[in-house]
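Novice:
Residue numbers (my numbering): 1 to 284.
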């Protein structure tokens with residue numbers, strides 16, 4: 001894809017995305033969730049601090065949880081963004097103007113940008129709510145806080161790209177959104193429970209290999225990446241892995257940065273599949 005075509009398609013996709021209400025309409029529940037979750041996170045952190053404990057990790061954990069929920073909205077927006085033109089039957093004109101691959105890549109880039117905006121909104125409003133709720137409790141130190149901010153932006157952007165891939169593969173808009181939500185909210189949780197059912201072997205050898213797969217599912221990989229820093233702040237480096245297991249619902253998770261790479265590979269595989277399928281689809 002040449003630079004002029006790429007620039008033209010990015011501008012067109014950005015204009016198309018910002019000209020409708022969907023992107024900021026989905027931002028409203030993201031902000032409301034961030035406010036409500038982190039107010040309680042701040043209050044809980046303040047109550048523990050009043051009992052003599054220093055728990056800056058509580059607010060980080062509530063921020064990580066709200067970022068996990070925000071990433072779902074980023075994925076939904078990506079799916080709606082990609083499937084909208086199939087619904088309104090304008091996709092043929094768009095493909096003739098820019099080509100299928102440039103359109104897909106431009107949608108991924110704009111979708112990732114919207115996901116990053118959702119993450120920044122979650123963090124900004126979540127921190128305000130946490131400060132309001134925690135009173136005089138200890139505020140997270142800059143290192144872990146900025147680490148979580150960077151991870152949250154990456155997770156929301158990658159989930160938005162996955163949403164674009166799903167919306168390209170499943171051209172029915174309602175079907176794409178339902179499939180995405182059912183997988184994230186139900187199928188992956190059930191699959192994780194099944195895989196972890198044999199985690200306690202009773203032999204002291206740790207979970208079996210099949211239980212370790214849970215960390216490499218896309219939703220769990222995102223949660224491990226988000227909870228890695230708060231878990232270390234809550235439980236210390238020695239017990240951080242066990243805290244991540246409890247928070248993310250996985251067995252023997254790898255480091256957070258590794259799970260971020262896993263999520264990026266899932267996003268790349270989704271885009272590659274959408275590339276192949278979309279390139280062969282008849283849209284006339």
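The beta carbon of each residue, even a glycine, is placed where N, CA and C say it ideally should be.
1) Compare the C-alpha of residue 41 against each of 126, 188, 94 and name the closest.
2) Quick one: measure Cβ to Cβ for residue 165 and residue 271, integer angstroms, because I've assumed they're closer than 8 Å.
3) Terminal residues of the continuous alpha helix (DSSP H) containing residue 224?
4) When you compare each of 240, 30, 34 to residue 256 by their alpha carbons, which one comes out closest?
5) Less than 7 Å between the beta carbons of residue 71 and residue 155, yes or no?
6) Look at the Cβ atom of residue 37, then the Cβ atom of residue 66, and state whether they are nearer than 7 Å.
7) Could you compute how far the alpha carbon of residue 253 sits from the alpha carbon of residue 230?
8) Would a C-beta distance cut-off of 7 Å place residue 275 and residue 218 closer than the cut-off?
9) Please classify residue 102: is it buried, with 16 or more other beta-carbons within 10 angstroms of its beta-carbon, or exposed?
10) Applying the 10 Å Cβ sphere with the 16-neighbour rule, what's the burial state of residue 277?
11) For the alpha helix (DSSP H) that contains residue 212, what are its first and last residues?
12) Tell me which residues share the same chain as residue 132 and place their Cβ nearer than 7 Å to its Cβ, disregarding the 5 neighbours each side in the sequence.
13) To the nearest angstrom, report how far apart residue 93 and residue 86 are at their CA atoms.
14) In its own chain, which residues sit with a C-beta less than 7 Å from the C-beta of residue 14, not counting the 5 before and 5 after it?
15) Closest to residue 112 by C-alpha separation, out of 159, 176, 181, 215, would be which residue?
16) Once DSSP output is grouped into helix, strand and coil, what is the label at residue 139?
17) Using the three-state DSSP reduction, which class does residue 130 fall into: helix, strand or coil?
18) Exposed or buried, residue 285, counting other C-beta atoms within 10 Å across all chains shown (16 or more means buried)?
19) Is it the case that the Cβ atoms of residue 82 and residue 107 are separated by a distance below 7 Å?
20) Checking 7 Å against the spacing of the C-beta atoms, do residue 143 and residue 78 come in under that value?
21) Report all residues from its chain with a CB closer than 6 Å to the CB of residue 227; omit the five preceding and five following residues, and keep chain order.
22) When the Cα atoms are used, what is the spatial distance from residue 193 to residue 8?
23) Based on Cα-Cα distance, which residue from 196, 150, 91, 115 lies nearest to residue 171?
24) Quick one: what's got a C-beta closer than 7 Å to residue 57's C-beta in the same chain, skipping five residues either side?
25) Looking at the unbroken alpha helix (DSSP H) that takes in residue 192, where does it start and where does it end?
26) Going by other Cβ atoms of all chains shown within 10 Å of its Cβ, with 16 needed for buried, is residue 73 buried or exposed?
27) With a CB to CB cut of under 8 Å and the five nearest residues on each side skipped, what residues in its chain are close to residue 196?
Specialist: This is what the structure holds:
1) 126
2) 5 Å
3) 218-248
4) 240
5) yes
6) yes
7) 14 Å
8) no
9) buried
10) exposed
11) 209-212
12) 39, 42
13) 11 Å
14) 110
15) 159
16) coil
17) helix
18) No statement about residue 285 is possible, as the shown extent of the chain runs from 1 to 284 and does not include it.
19) yes
20) no
21) 64, 244, 247, 248
22) 46 Å
23) 91
24) 230, 233, 234
25) 188-196
26) buried
27) 207, 211, 214, 249, 250, 251
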